[in-house]
Amino acid sequence: NAGVTQTPKFQVLKTGQSMTLQCAQDMNHEYMSWYRQDPGMGLRLIHYSVGAGITDQGEVPNGYNVSRSTTEDFPLRLLSAAPSQTSVYFCASSSPTGNTIYFGEGSWLTVV
Amino acid sequence: SQKIEQNSEALNIQEGKTATLTCNYTNYSPAYLQWYRQDPGRGPVFLLLIRENEKEKRKERLKVTFDTTLKQSLFHITASQPADSATYLCALTMDSNYQLIWGAGTKLIIKP
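The listed protein sequences correspond, in order, to chains A and B.
In short: position in the first sequence from 1, add 5, done, that's the numbering used here.
In short: position in the second sequence from 1, add 10, done, that's the numbering used here.
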């Protein structure tokens, strides 16, 4: 049982480049989300989805896009990378009530 | 402003002793509170959930208390072991939208 799988693990981007962080879950969870984690701060919600075809913004959505074409996949797109987007990104999934959240292993992104 | 506070300084505990971590919040009325463990370079892992109408929850050597009057949760690890060394995160869930609001975490170091 793979749980939540994120790729890539590490990525270095130049300012202005775009990229997609992939996320897949095999638990048939309806709720998926993307967080970023920065030193000294709590996890901050970027975007979330309550089911295929439905997405919504979280606390810090600017500069990011998401789509949810299937229950399993929830990719995060950085449109034009900026140094402020240097962070660790976590994808997560849960049942609709969010009682237990399962996280991926994280993607370390550096924008230079 | 609304916020969640966890001790930002690392907590050093001698092996075998009880470790107690604190999570304080203001201006929230959470439906429930969760505790997660995060190891370096890994995603958070769910430990315990306690609801607003519960005072205490236990799981093996772990115990969580939830005082909605004090707006505080305490997380205890009894008979601590070096393997318990990690960062522990607390998160609140509001009943209205099931989104989690995260503390920045407390690093726990158990010394042999």
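We treat Cβ as the ideally placed atom computed from N, Cα and C, and that holds for glycine.
Review point. Between the segment 21 to 36 of chain B and the segment 84 to 95 of chain B, do three or more beta carbon pairs fall short of 8 Å?
Key: yes
Review point. Does the Cβ-Cβ distance between Gly47/A and Ala114/B come in under 7 Å?
Key: Within the first sequence, numbered from 1, the residue matching residue 47/A stands at position 42. Within the second sequence, numbered from 1, the residue matching residue 114/B stands at position 104. For Gly47/A and Ala114/B, yes; Cβs fall inside 7 Å.
Review point. Excluding five sequence neighbours on each side, which residues of the same chain lie with their C-beta closer than 7 Å to the C-beta of Leu83/A?
Key: What you label residue 83/A is simply residue 78 of the first sequence in a count that begins at 1. Only Ser23, Met24, Gly68, Tyr69, Gln90 meet the Cβ criterion.
Check your understanding: If you run the structure through DSSP and keep just helix, strand and coil, what is Gln90/A?
Key -> Position 85 of the first sequence, counting from 1, holds the residue named residue 90/A. Looking at Gln90/A - three-state DSSP - the assignment turns out to be helix.
Point to revise | Residue-chain proximity (Phe56/B, chain A), Cβ-Cβ < 7 Å | key: In the second sequence, counting from the first residue as 1, residue 56/B sits at position 46. Chain A contact via Cβ: present.
Check your understanding: From which residue to which residue does the beta strand (DSSP E) around Val117/A run?
Key -> As a position in the first sequence, residue 117/A is number 112, starting the count at 1. Val117/A -> no beta strand (DSSP E), and no H or E assigned at all.
**Study point:** Partners in chain B for Thr115/A, counting only beta-carbon separations shorter than 9 Å
**Key:** In the first sequence, residue 115/A corresponds to position 110, counting from 1. By Cβ distance, chain B contributes nothing, its closest Cβ being about 15 Å from Thr115/A, past 9 Å.
Exercise for review: Could you check the C-alpha separation between Ile51/A and Asp43/A for me, to the nearest Å?
Suggested key: To locate residue 51/A, count along the first sequence from 1; it is residue 46. To locate residue 43/A, count along the first sequence from 1; it is residue 38. So the alpha carbons of these two residues sit roughly 13 Å apart.
Check your understanding: In whole angstroms, what separates the C-alpha of Ile60/B from that of Gly21/A?
Key -> Stepping through the second sequence from its first residue, residue 60/B is reached at position 50. Stepping through the first sequence from its first residue, residue 21/A is reached at position 16. Looking at the two C-alpha atoms, the distance is approximately 44 Å.
Point to revise | Best match in Leu31/B, Glu19/B, Ser18/B, Lys27/B for proximity to Gln82/B [C-alpha to C-alpha] | key: In the second sequence, counting from the first residue as 1, residue 82/B sits at position 72. Taking only the C-alpha atoms, the option nearest Gln82/B is Leu31/B.
**Study point:** Residues near Lys121/B in its chain [Cβ-Cβ closer than 8 Å; skip 5 each side]
**Key:** In the second sequence, residue 121/B corresponds to position 111, counting from 1. Result list for Lys121/B: Asn22, Ile23, Gln24, Glu25, Pro92, in chain order.
Check your understanding: Relative to the C-alpha of Glu70/B, which residue among Phe85/B, Cys33/B, Glu64/B is closest?
Key -> In the second sequence, residue 70/B corresponds to position 60, counting from 1. When only C-alpha atoms are compared, the closest one is Phe85/B.
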